[in-house]
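Notes for the one structure printed next.
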Amino acid sequence: MTAKSEAQNVDGKENKNGLELTRSIIKEALDKLGYPEDVYELLKDSLRIFTVRIPVRMDDGSMKYFKGYRAQHNDAVGPTKGGVRFHPNVSELEVNALAIWMSLKAGIVDLPYGGAKGGIICDPREMSFRELEALSRGYVRAVNQIIGPRQDILAPDTYTNSQIMAWMMDEYSYLNKEDNPGFITGKPNVLGGSLGRESATAKGVTICIEEAVKIRDFEIEGAKVVIQGFGNAGSYLAKYLHQGGAKIVGISDAYGALHDPEGLDIDYLLDRRDSFGTVTTLFKNTLTNNELLEVDCDILVPAAVQNQITEENAKKIKASIIVEAASSPTTMEATKILNDRGILLVPDILASSGGVVVTYFEWVQNNQGYYWSEKKVEDKLRDIMTNAFTTIYNTSQTRKVDMRLASHMVGVRKMAEASRYRGWV
Ligand code: GLU
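Per this note's numbering, residue -17 is the first one in the sequence shown, and the count goes up by one each step.
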């Protein structure tokens, strides 16, 4: 963690802004849809935020007490669902904002859920496997009374993975005296995880790209693509687009970027990338991540970290389509510049929703006790993603707003309606 992010966390500024930003997004979408102020008052905060302390005996024999949270934003549409993150910067403000964000995400792909988010203040990189297992099990014991397959469903998030989901599931089975895999998603396949989950985000991004090129009237085959980031999403995406005949002219990792106007050797790069997604260190003539964003291409996919496309470089980007696979890669100012320049910007909340769609499938399969083929998962993901894309694109056209605002409008509508029918507003 940098000194800056520590300082921002101490005074809570960054998290406060995150919550304020999420609230302003909800407000703008509700205003545009013509809902009264009461609806905003209901939706601006989570209905429930649970704070817990988890005692863990550390490997050196000492006791540590970890603080954790579970925020459940709104369960008018159905049970809440969302990830649990293990990170030193977790705070109540952050889980509150992210739970609201998950509600919007569920809404845009029309899942029968509201949003939730959990987290524990800890640094998993400094903890042993045994300590992490104790912490994961302790979290489930602490929040057991408010979670369940028909209440609130957990999932992986920053620094949590399928092993952590497995420990949590095991603890939940002990506590509730039955095997109930549907209370948590993102599990290993042998414990009820869904086929096709690992590549789901990249598949979702690919489907968005396929829809976007139709609008701009060109083909993926032969299109020049730049992908910033070669982690899980970026590397699978490079593979799918390469298979589809696109020319991947640029990729990057945390250390630099590779560029070849004739197209990079994607098979070789996928083979040589390490488990952290690093590959550029093997080459001499690399560009910086910033330089890569400005090279000549048709489609640009930021799939790394936030705030990459800014006021400074938005004017210089050559792509006619940008699909945000990372969270918040484009600043507000840059979004406006790109829209004014007529660039089609497919927002993160839509483009990155493939993951939660497939964990919804995991929950459906767990509930029915019948497991689908990878093809069935992919076909159903395609149906949901193309529907969401079309609804949002049409909303942006008819309401004359950009796709970002259109996606928030689509995301909030069902929850607002369900809350109204229930008599909550
Ligand atoms: N944590 C992921 C997200 O924020 C996945 C959530 C889920 O699968 O429920 O989208």
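Here a beta-carbon is modelled for each residue, glycine too, at the ideal position from N, C-alpha and C.
{"Check": "Check whether the segment 302 to 309 touches the segment 319 to 335, taking contact to mean three or more Cβ pairs, one atom from each stretch, closer than 8 Å.", "Outcome": "yes"}
{"Check": "Where do the ends of the alpha helix (DSSP H) carrying Asp330 lie?", "Outcome": "330 to 333"}
{"Check": "Where Ala(-15) and Lys206 are concerned, what is the direct C-alpha to C-alpha distance, given to the nearest angstrom?", "Outcome": "Note on Ala(-15): pLDDT 34, under 50, position unreliable in the model; the coordinate value appears next. About 39 Å."}
{"Check": "With DSSP as the reference, identify every bridge partner of Arg107, one or two as the case may be.", "Outcome": "According to DSSP, Arg107 bridges with nothing at all."}
{"Check": "Could you round the C-beta distance between Asn126 and Leu1 to whole angstroms and report it? I think they count as a contact, below 8 Å.", "Outcome": "Actually they are not in contact, since the Cβ atoms of Asn126 and Leu1 sit about 27 Å apart, beyond 8 Å."}
{"Check": "Evaluate Thr188 with the Cβ neighbour count: other Cβ atoms within 10 Å of its Cβ, from every protein chain shown; 16 or more gives buried, anything less gives exposed.", "Outcome": "buried"}
{"Check": "Quick check for students: name the residue ranges of the alpha helix (DSSP H) that lie wholly in the segment 121 to 165, counting only runs of 4 or more.", "Outcome": "144 to 158"}
{"Check": "Nearest-angstrom Cα distance between Asp253 and Lys221?", "Outcome": "11 Å"}
{"Check": "Hey, is Gly412 close to the ligand GLU, as in C-beta under 7 Å from one of its heavy atoms?", "Outcome": "One cannot answer for residue 412 here, as it falls past the ends of the chain, which runs -17 to 407."}
{"Check": "Nearest-angstrom Cα distance between Ser181 and Ala215?", "Outcome": "7 Å"}
{"Check": "Would Val359 and Gly178 qualify as a contact pair, given that the criterion is a beta-carbon distance under 8 Å?", "Outcome": "yes"}
{"Check": "Output the boundary residues of the beta strand (DSSP E) element that contains Tyr47.", "Outcome": "45 to 54"}
{"Check": "By how many angstroms is the C-alpha of Ile36 removed from the C-alpha of Ala398?", "Outcome": "35 Å"}
{"Check": "By Cβ distance below 6 Å, which residues in the same chain neighbour Thr414 in space, the five residues on each side in sequence not counted?", "Outcome": "Here the chain comprises residues numbered -17 to 407, so residue 414 is not present and cannot be evaluated."}
{"Check": "Per DSSP, Thr33 is paired with what?", "Outcome": "Tyr51"}
{"Check": "Thinking C-alpha only, which one of Gly211, Asp134, Leu326 is nearest Trp345?", "Outcome": "Asp134"}
{"Check": "Quickly, what does DSSP pair Gly303 with across the bridge? List them, please.", "Outcome": "Sequence inspection shows Ile at residue 303; the Gly mentioned does not correspond to that position. Answer is Ile281, Leu326."}
{"Check": "Would the C-beta of Thr292 count as close to the ligand GLU, meaning under 7 Å from any of its heavy atoms?", "Outcome": "no"}
{"Check": "Report the rounded CA-to-CA distance for Thr183 versus Ser335, giving the unit in angstroms.", "Outcome": "7 Å"}
{"Check": "The ligand GLU and Lys300: does any heavy atom of the ligand fall closer than 7 Å to the residue's C-beta?", "Outcome": "no"}
{"Check": "Quick one: does the C-beta of Asp139 sit closer than 7 Å to a heavy atom of the ligand GLU?", "Outcome": "yes"}
{"Check": "What residue from Asn143, Ile31, His241, Ala400 has the CA that sits closest to Arg107's CA?", "Outcome": "Asn143"}
{"Check": "Taking the alpha-carbon positions, what's the Leu3 to Gly130 distance?", "Outcome": "30 Å"}
{"Check": "For Gly211, which residues of its own chain have a beta-carbon under 6 Å away from its beta-carbon, when the five flanking residues on both sides are left out?", "Outcome": "Ala285, Ala286"}
{"Check": "Kindly indicate which residue of Ser257, Asp249, Thr262 has the alpha-carbon position closest to the one of Leu240.", "Outcome": "Thr262"}
{"Check": "First and last residue of the alpha helix (DSSP H) that includes Thr461?", "Outcome": "An answer regarding residue 461 cannot be provided, because it is not within the stretch -17 to 407 covered by the chain."}
{"Check": "Mind checking which residues open and close the alpha helix (DSSP H) that includes Lys396?", "Outcome": "385 to 403"}
{"Check": "Determine the extent of the beta strand (DSSP E) in which Arg67 is found, giving its start and end residues.", "Outcome": "62 to 68"}
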